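Step one of this worksheet: look at the structure below.
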Amino acid sequence: MAENDLMDKLVSLCKRRGYIFQSSEIYGGTGSVWDYGPLGVELKNNIKAFWWQAMVLERDDIEGLDAAILMHPRVWEASGHVEGFTDPLVECRQCHRRFRADVPEVEGGQCPTCGTRDAFGEPRLFNLMFRTFMGPVENAASQVYLRPETAQGIYVNFLNVQGAARQKVPFGIAQIGKAFRNEITPGNFIFRTREFEQAEMQYFVEPGSDDEWFEYWKEARWKWQLSLGLREERLRFQQHAPDELAHYAKVAFDIEYEFPFGWKEFEGIHNRTDFDLARHQQYSGKRMEYIDAPTNKRFIPFVVETSLGIDRTLLVVLTDAYHEEVVEGEERVVLRLAPTLAPLKVAVFPLVKKDGLPEMAEKLHKELRAAAVPSFYDAAGSIGRRYRRQDEAGTPWCVTVDGQSNEDGTVTIRDRDSLEQIRVPAEGVLGWIRERLR
Ligand code: ATP
Numbered sequence: 370m371a372e373n374d375l376m377d378k379l380v381s382l383c384k385r386r387g388y389i390f391q392s393s394e395i396y397g398g399t400g401s402v403w404d405y406g407p408l409g410v411e412l413k414n415n416i417k418a419f420w421w422q423a424m425v426l427e428r429d430d431i432e433g434l435d436a437a438i439l440m441h442p443r444v445w446e447a448s449g450h451v452e453g454f455t456d457p458l459v460e461c462r463q464c465h466r467r468f469r470a471d472v473p474e475v476e477g478g479q480c481p482t483c484g485t486r487d488a489f490g491e492p493r494l495f496n497l498m499f500r501t502f503m504g505p506v507e508n509a510a511s512q513v514y515l516r517p518e519t520a521q522g523i524y525v526n527f528l529n530v531q532g533a534a535r536q537k538v539p540f541g542i543a544q545i546g547k548a549f550r551n552e553i554t555p556g557n558f559i560f561r562t563r564e565f566e567q568a569e570m571q572y573f574v575e576p577g578s579d580d581e582w583f584e585y586w587k588e589a590r591w592k593w594q595l596s597l598g599l600r601e602e603r604l605r606f607q608q609h610a611p612d613e614l615a616h617y618a619k620v621a622f623d624i625e626y627e628f629p630f631g632w633k634e635f636e637g638i639h640n641r642t643d644f645d646l647a648r649h650q651q652y653s654g655k656r657m658e659y660i661d662a663p664t665n666k667r668f669i670p671f672v673v674e675t676s677l678g679i680d681r682t683l684l685v686v687l688t689d690a691y692h693e694e695v696v697e698g699e700e701r702v703v704l705r706l707a708p709t710l711a712p713l714k715v716a717v718f719p720l721v722k723k724d725g726l727p728e729m730a731e732k733l734h735k736e737l738r739a740a741a742v743p744s745f746y747d748a749a750g751s752i753g754r755r756y757r758r759q760d761e762a763g764t765p766w767c768v769t770v771d772g773q774s775n776e777d778g779t780v781t782i783r784d785r786d787s788l789e790q791i792r793v794p795a796e797g798v799l800g801w802i803r804e805r806l807r
């Protein structure tokens with residue numbers, strides 16, 4: 370399958386099955402923003418819950434936080450984003466479209482949009498932060514930013530959380546939330562957008578122990594990625610070269626996935642040193658030191674950050690799960706999502722719409738829903754078609770109520786991947802599924 374083909378197919382499957390829609394589609398859409406539909410929002414929630422479970426709920430040394438998107442504008446001066454969060458840009462003198470100066474399309478000097486030769490002057494720096502105004506007056510004093518990363522909400526709350534939760538260094542703070550970047554060249558579906566979600570964790574450690582903790586988090590995050598059920602050969606670490614390092618970082622590794630459009634980052638692990646806390650101490654005039662009890666040792670902790678893009682992870686999960694295959698002479702598209710991530714765990718079908726089968730199927734469907742197992746009831750079309758729809762949606766199991774169900778109370782469970790069918794008593798379905806979701 371050609372590479373672009375796969376992306377096109379994924380985009381259309383996402384629309385057809387209700388995973389992802391283009392934002393404001395009826396107005397022609399906005400190229401860089403997407404909306405998550407009924408299945409998309411569930412998949413996204415499952416990815417977030419999976420991350421939260423591993424990073425917060427299972428650990429004594431990490432606390433959760435949900436900081437606001439709008440922050441004091443000085444935060445972004447302290448963090449270096451006002452000054453340094455910029456991409457070099459060139460602008461076409463003919464059509465005035467702007468492009469990142471470092472992309473291959475503009476290297477020859479020809480505008481990729483209108484074809485003008487020698488189209489570009491000197492690159493100019495362009496800040497990626499969205500700006501808006503707080504309150505009724507629109508002037509420089511009321512200017513605020515939409516956060517370009519969630520991490521700063523964690524830094525400014527470092528001592529609040531540490532004190533309230535009575536944590537001792539080393540410990541971490543985690544949060545999931547929206548971030549905004551006025552990207553110059555968004556694209557590749559939900560890979561690079563202007564509004565996206567991040568799951569970030571800042572781990573505060575004693576200076577000198579940061580290299581060790583960096584290795585720890587590199588390994589922990591790699592294991593988590595594998596636990597999503599991804600193919601290991603499509604994952605790799607990539608270290609940032611010294612000239613690629615962000616202004617705050619001492620060492621940085623990306624976890625990359627082999628997308629149809631090449632190897633690309635979807636999580637970053639960064640040693641941010643004491644840069645952010647030290648700068649906040651300097652800019653706010655408030656101490657950001659940690660005081661160790663009982664030694665009374667004072668220091669500004671170093672920070673190891675893990676920064677995951679939720680939307681990019683969702684794209685990784687969907688890309689990795691997408692398969693086309695021929696089954697019994699018929700082509701099928703199947704999303705082999707890990708059952709824990711799949712938006713629907715099960716679909717329940719009556720084989721035919723008579724003999725009390727729909728009632729029995731609906732009863733089972735309702736029992737599953739009531740037990741918090743997302744189930745879908747479908748009585749429309751041939752059984753083969755109903756299976757295909759669920760294969761495309763990534764539903765791991767389909768339960769069919771048939772003639773025999775009336776006689777002995779059993780139903781069939783069909784496995785999405787192996788296509789194997791087994792018979793179990795209807796009242797055993799819930800337990801059977803629960804066992805496989807652990
Ligand atoms: P890139 O080099 O792709 O622009 P970055 O190095 O700027 O990414 P970080 O600042 O390290 O990215 O952000 C951490 C994570 O946030 C990334 O790994 C990615 O998953 C996500 N992310 C960053 N920018 C975007 C974006 N524009 N759209 C979607 N996700 C993003």
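Quick note on my numbering: the sequence shown kicks off at 370 and runs consecutively. Each residue gets a CB set at the ideal place from its N, CA and C atoms; glycine is no exception. Quantities reported herein were computed from a predicted structural model and do not represent experimental measurements.
For GLU569 and ALA520, believed in contact at Cβ under 8 angstroms, the rounded distance: As a position in the sequence shown, residue 520 is number 151, starting the count at 1. As a position in the sequence shown, residue 569 is number 200, starting the count at 1. About 5 angstroms; that satisfies the 8 angstroms criterion.
Can you give me the Cβ contacts of GLY449 inside the same chain, cut-off strictly under 6 angstroms, excluding the 5 residues immediately before and after it? Position 80 of the sequence shown, counting from 1, holds the residue named residue 449. HIS616, listed in sequence order.
Could you pull the start and end residues of the beta strand (DSSP E) that GLN512 belongs to? If you number the sequence shown from 1, residue 512 lands on position 143. GLN512 -> beta strand (DSSP E) spans 512 to 514.
Since LEU646 contacts ILE660 with CB under 8 angstroms, what's their CB separation in whole angstroms? Here residue 646 refers to the residue found at position 277 of the sequence shown. Here residue 660 refers to the residue found at position 291 of the sequence shown. Incorrect: roughly 14 angstroms between the Cβ atoms, too far for contact.
Evaluate TRP632 with the Cβ neighbour count: other Cβ atoms within 10 Å of its Cβ, from every protein chain shown; 16 or more gives buried, anything less gives exposed. Mapped onto the sequence shown, residue 632 falls at position 263. When all chains shown are included, TRP632 counts as exposed.
Among PRO663, ARG681, MET657 and SER653, which has the Cα closest to the Cα of GLU636? Reading the sequence shown from its first residue, position 267 is the one you call residue 636. Of the candidates PRO663, ARG681, MET657 and SER653, the one whose C-alpha sits nearest the C-alpha of GLU636 is ARG681.
Cutoff 7 angstroms; reference GLN544; Cβ partners in own chain excluding five residues on either side: In the sequence shown, counting from the first residue as 1, residue 544 sits at position 175. Apart from the 5 residues on each side of it in sequence, GLN544 sits with its Cβ closer than 7 angstroms to the Cβ of GLY433, LEU434, ASP435, ALA436, THR519, GLY522, ILE523 and GLU569 in its chain, given in chain order.
Say yes only if the C-beta of GLN830 is nearer than 8 angstroms to one or more non-hydrogen atoms of ligand 1, and no if none qualify. Residue 830 lies beyond the stretch modelled for the chain, which goes from 370 to 807, so this question has no answer here.
Going by DSSP, what residues sit across from HIS649 in a beta bridge? Counted from its first residue, the sequence shown places residue 649 at position 280. Paired residues: none, contrary to the question.
Could you tell me the alpha carbon to alpha carbon distance between TYR405 and ALA662, rounded to whole angstroms? What you label residue 405 is simply residue 36 of the sequence shown in a count that begins at 1. What you label residue 662 is simply residue 293 of the sequence shown in a count that begins at 1. Just so you know, the alpha carbons of TYR405 and ALA662 end up roughly 47 angstroms apart.
One question on the structure: do THR709 and PHE671 come within less than 9 angstroms of each other, judged by their Cβ atoms? In the sequence shown, residue 709 corresponds to position 340, counting from 1. In the sequence shown, residue 671 corresponds to position 302, counting from 1. No; because the gap between Cβ atoms is not below 9 angstroms, this pair is not in contact.
Residue ranges of each alpha helix (DSSP H) run of no fewer than 4 residues wholly in the region 674 to 762, ordered along the chain? Counting only runs of 4 or more, we get 679 to 690, 726 to 739 and 752 to 762.
Going by DSSP, which residues form a beta bridge with TRP632? Position 263 of the sequence shown, counted from the first residue, corresponds to residue 632. Beta-bridge pairing links TRP632 to GLU627.
Using alpha carbons as the reference points, say which of VAL513, PRO492, LEU382 and GLY541 lies closest to TRP421. In the sequence shown, residue 421 corresponds to position 52, counting from 1. It is GLY541 whose Cα lies nearest to the Cα of TRP421.
Cβ shell of ALA534 (< 6 angstroms), same chain only, five flanking positions each side left out: Reading the sequence shown from its first residue, position 165 is the one you call residue 534. Once the five neighbours on either side are set aside, the close Cβ partners of ALA534 are GLU432.
For GLY631, verify whether its CB is less than 8 angstroms away from any heavy atom of ligand 1. One-based indexing of the sequence shown puts residue 631 at position 262. Taking the Cβ of GLY631 as the reference point, every heavy atom of ligand 1 lies at 8 angstroms or farther away.
DSSP on ILE416, reduced to helix/strand/coil? Along the sequence shown, read from residue 1 onward, the residue named residue 416 stands at position 47. Reduced to three states, the DSSP call for ILE416 is helix.
Identified DSSP bridge partners for GLY572: Translated into the one-based positions of the sequence shown, residue 572 becomes position 203. In the sequence as presented, Gly is not what sits at residue 572; that position holds Tyr. Looking at the DSSP assignment, TYR572 forms a beta bridge with GLY541 and VAL673.
Expected contact under 8 angstroms - CB spacing of LEU379 and TYR691 to nearest Å: Numbered from 1 along the sequence shown, position 10 holds the residue referred to as residue 379. Numbered from 1 along the sequence shown, position 322 holds the residue referred to as residue 691. About 6 angstroms separates the two Cβ atoms, so the contact holds.
If I measure Cβ to Cβ from VAL703 and keep anything under 6 angstroms in the same chain, skipping five residues before and after, which residues do I get? The residue labelled residue 703 in the question sits at position 334 within the sequence shown. Counting only Cβ-Cβ distances below 6 angstroms, and skipping sequence neighbours, we find HIS692 and ASP760.
Pick from GLY698, LYS666, PHE606 and MET657: whose alpha carbon is nearest that of GLU634? Here residue 634 refers to the residue found at position 265 when the sequence shown is read from its first residue. When each option's Cα is compared against that of GLU634, the closest is PHE606.
Using a threshold of 8 angstroms, is the CB atom of THR399 nearer than that to any non-hydrogen atom of ligand 1? By 1-based counting over the sequence shown, the position of residue 399 is 30. Incorrect: THR399 has no Cβ contact closer than 8 angstroms to ligand 1.
Assuming the contact rule is C-beta atoms closer than 8 angstroms, ASP689 and ARG785 should be a hit. Round their C-beta distance to whole Å, please. Taking the sequence shown and counting its residues from 1, the one referred to as residue 689 is at position 320. Taking the sequence shown and counting its residues from 1, the one referred to as residue 785 is at position 416. Actually they are not in contact, since the Cβ atoms of ASP689 and ARG785 sit about 15 angstroms apart, beyond 8 angstroms.
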